[in-house]
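If you read the sequences in order, they're chains L and F.
According to our numbering, the first sequence holds residues 1 to 295 in order.
According to our numbering, the second sequence holds residues 296 to 562 in order.
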Amino acid sequence: MNAKQRDRVATVVIDLIVAAVVGILLFLLVYILSAGLPHVSWQFLTGASDPMSGAGGIGVQLFNSFYLLVLTMLISLPISLGAGIYLAEYAKDNWRTSLIRSAIEVLSSLPSVVVGLFGFLLFVVKFKMGFSVISGAIALTFFNLPLLTRNIEESLSAVSRSQREAGLSLGLSKWKTEIGIILPVALPGIVTGVVLSAGRVFGEAAALIYTAGQSAPVTNFSDWNPMDPASPLNPLRPAETLAVHIWKINTEGMASNAAQLSAAASAILILAVLLFNLGARLLGNFLYRRVTASK
Amino acid sequence: MLKQYSFEETAVQSFDAQTTLALKTEDLQVFYGANHAMHDANLGFPKNQITALIGASGSGKSTYLRSLNRMNDGIATVTGKIWYHGVNINEPNVNIYEIRKHIGMVFQRPNPFSKSIRENIVYALKANGVKSKADLDERVEKSLRGAALWDEVKDTLDKSALSLSGGQQQRLCIARSIAMAPDVLLLDEPCSALDPISTVKVEETLLELQKQYTIIIVTHNMQQAARVSSQCAFFHLGHVMEYTPTGTMFSNPQIPVTQDYIAGSFG
Chain L
1 MNAKQRDRVA TVVIDLIVAA VVGILLFLLV YILSAGLPHV SWQFLTGASD
51 PMSGAGGIGV QLFNSFYLLV LTMLISLPIS LGAGIYLAEY AKDNWRTSLI
101 RSAIEVLSSL PSVVVGLFGF LLFVVKFKMG FSVISGAIAL TFFNLPLLTR
151 NIEESLSAVS RSQREAGLSL GLSKWKTEIG IILPVALPGI VTGVVLSAGR
201 VFGEAAALIY TAGQSAPVTN FSDWNPMDPA SPLNPLRPAE TLAVHIWKIN
251 TEGMASNAAQ LSAAASAILI LAVLLFNLGA RLLGNFLYRR VTASK
Chain F
296 MLKQYSFEET AVQSFDAQTT LALKTEDLQV FYGANHAMHD ANLGFPKNQI
346 TALIGASGSG KSTYLRSLNR MNDGIATVTG KIWYHGVNIN EPNVNIYEIR
396 KHIGMVFQRP NPFSKSIREN IVYALKANGV KSKADLDERV EKSLRGAALW
446 DEVKDTLDKS ALSLSGGQQQ RLCIARSIAM APDVLLLDEP CSALDPISTV
496 KVEETLLELQ KQYTIIIVTH NMQQAARVSS QCAFFHLGHV MEYTPTGTMF
546 SNPQIPVTQD YIAGSFG
């Protein structure tokens, strides 16, 4: 076999592998959507679920998923941004830094059930926060932090040293250089990290069962005062998310149409993730264009 | 095999009291860990002149240049004195951010920010408290004219700086530096990544700029040193071997190592 033939064989093999990956993904997508979408109706999307049978609509759960995501991001993004900037820019290469890095690695490999039980014992029971959105958001922050921190650190480190030197040589402080010059360039990479971790938040069930709870009390969508118990924005109310709801329908659902309900909810969950990804990318691109003046 | 030259035999000029020096180093040493990269550099830089630092790769000329505005902080240990307006700026308590506004720097590879052309110039100005739009616009035009770039970009100031050619980017970096109204401009092989035509433009810009600024330029290119500089220092393996007016350096080098370098025997 000469170099040319070898090259051709390698190309074919690689093409096949890529086709397999894309094929599996497409198959899953088509299967879930085609099984679920026929059962989706406006009433299903917006209606309340029946706590007894676990059946009915998913309106509250859908909102809960998004709300939990937003809260989680509000908590985890600033923390991981700070940690990422520290690791990329300020940390010296010594035993302390490698200790921090291994701590982050360990954190990212914690099983979600363990995080859930830990959150349950500490926030729900000890801090008396109860099964609530905020307990769930804090627990999910534990998942997000390692992923986001590492992602932000890598995105920042990927920006050329010469950009930092340019900033410093103009008399800008290290901090100003980092925030005003390096961060905007690293933005697309950071958005990718946010999208990836958002997918995890949407899909997480185990950790939320013990923290955000499995019930979705009826909420009044005309009441936007976060202090009111019935307000959807109240961070102290229990909040079953879509993923938890799917798990519940399948394990404890008593409704005769449980299979259809869970298929429909799964389809909506996937669409919600896709929608969020698309939105985050558009927003990221828009911001990137704004700060870098590129087309 | 590189010939051994004595580091004792040097020919370094010093200036009399009549010459105003913009910057002067006394016994400057640079260490990268245990590696002694620069030995006893005693150089004075006359105001409003271009001084070229030449020498082979690894001769320490860039290392020396980067020490002058404290860009080696955190990278290397620099000892000795750097005199600027009667102040030794190589002291730990000196405000390095303030120093760098007075001693600007342009790097080997053009490194404009990934922002618009205008924003490249005004970003640092804004960070330093220049607020008014009129002021900023004026500084943009003045510095771009100073770097001979205004006519090429005046209609596209809000386009990305990365859309410019390499030579334009480097002149933008010069404009960005002079917008801070420095006294001294340090250039670290500013033309090594540029084509000949862009190089000529940058050199013309420098010759124009020396009326207002003191310029110190590191270059690999002896012809470039001969074309633009009035003073020339030759570095060899971390030592300043010879420092004379450029004409003397190229027509009548004083010591064997410079003679061999100018003749092209090494480097």
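Built from N, CA and C at the ideal position, the CB exists for glycine as well.
Q: Please confirm if L/Ile181 has its CB atom under 8 Å from at least one CB of chain F.
A: yes
**Q.** Strand pairing of F/Leu452, partner residues [DSSP]
**A.** In DSSP, F/Leu452 forms no bridge with anything.
Q. F/Val307 by DSSP, collapsed to three states: which one?
A. Secondary structure at F/Val307: strand, using DSSP grouped into helix, strand and coil.
**Q.** Nearest neighbour of L/Leu282, chosen from L/Thr97, L/Gly171, L/Ile246 and L/Val194 [CA to CA]
**A.** That would be L/Val194, whose Cα lies nearest to the Cα of L/Leu282.
Q) Of all Cβ atoms in chain L, is any one closer than 8 Å to the Cβ of F/Glu414? A) yes
Q) What are the start and end residues of each continuous alpha helix (DSSP H) run of 4 or more residues lying completely inside the region 121–171 of chain L, in chain order? A) 133–157 and 161–169
Q) For chain F, is any of its Cβ atoms less than 8 Å away from the one on L/Leu261? A) no
**Q.** Beta carbon of L/Ser98 nearer than 8 Å to that of L/Ile152
**A.** no
Q: Pull up the CB-CB distance for F/Ser493 and F/Asp453, whole angstroms please, since I reckon it's below 8 Å.
A: About 23 Å separates the two Cβ atoms, so there is no contact after all.
Q) Closest by CA to F/Ile432, which one among F/Ser352, F/Ala422 and F/Val417? A) Checking the sequence shown, residue 432 of chain F turns out to be Asp, not Ile. Out of F/Ser352, F/Ala422 and F/Val417, F/Val417 has the C-alpha closest to the C-alpha of F/Asp432.
Q. Listing by chain order, which chain F residues have their CB less than 7 Å from the CB of L/Thr292?
A. Ser409, Lys410 and Ser455
(Q) Counting only C-beta atoms, is L/Glu165 closer than 8 Å to chain F at any point? (A) yes
(Q) Strictly by DSSP, which residues pair up with F/Pro341? (A) F/Leu316
Q | Bounding residues of the alpha helix (DSSP H) (the contiguous stretch that carries L/Ile97) | A | Per the sequence shown, residue 97 of chain L should be read as Thr rather than Ile. Counting along the chain, the alpha helix (DSSP H) containing L/Thr97 begins and ends at Trp95 to Ser108.
Q | Proximity below 8 Å, CB of L/Phe202 to CB of L/Ala137 | A | No, they are not a contact pair.
(Q) Which residues does DSSP list as the beta-bridge partners of F/Leu323? (A) Checking the DSSP bridge columns, you'll see F/Leu323 partnered with F/Ala336.
**Q.** Spatial neighbours of L/Tyr288 in its chain, beta-carbon cut-off 6 Å, leaving aside the 5 residues before and after
**A.** Leu187 and Pro188
(Q) Using a Cβ distance threshold of 8 Å, determine whether the region 154–165 of chain L contacts the region 376–389 of chain F, with at least three qualifying pairs required. (A) no
**Q.** Where L/Leu172 meets chain F, residues with beta-carbon distance less than 9 Å
**A.** Here the neighbours are Tyr392, Arg395, Tyr418, Ala419, Ala422 and Asn423.
Q: Kindly provide the ranges of any beta strand (DSSP E) runs that are 3 or more residues long and lie completely inside the region 484–550 of chain F, ordered along the chain.
A: Complete beta strand (DSSP E) runs here, min 3: 509–513, 526–531 and 534–540.
Q | chain L contact for F/Phe402 (CB, 8 Å cutoff) | A | yes
Q: Please compile the residues from chain F whose C-beta is within a distance smaller than 7 Å of the C-beta of L/Ser162.
A: Phe402, Arg404 and Asn406
Q | Check whether F/Leu338 and F/Gly399 have beta carbons under 8 Å apart | A | Not in contact: F/Leu338 and F/Gly399 (Cβ atoms no closer than 8 Å).
Q.
I need the DSSP call for L/Ile270, collapsed to helix, strand or coil.
A. helix
Q. What are the residues of the region 470–481 of chain F that lie near chain L, defined by any Cβ-Cβ distance shorter than 8 Å?
A. Arg471, Ser472 and Met475
Q: For L/Trp175, write down the residues that DSSP places opposite it in a beta bridge.
A: According to DSSP, which records beta bridges pairwise, L/Trp175 is partnered with nothing at all.
Q. How many angstroms separate the CA atom of L/Leu298 from the CA atom of L/Glu89?
A. Past the edges of chain L, shown from 1 to 295, lies residue 298 of chain L, and the structure says nothing about it.
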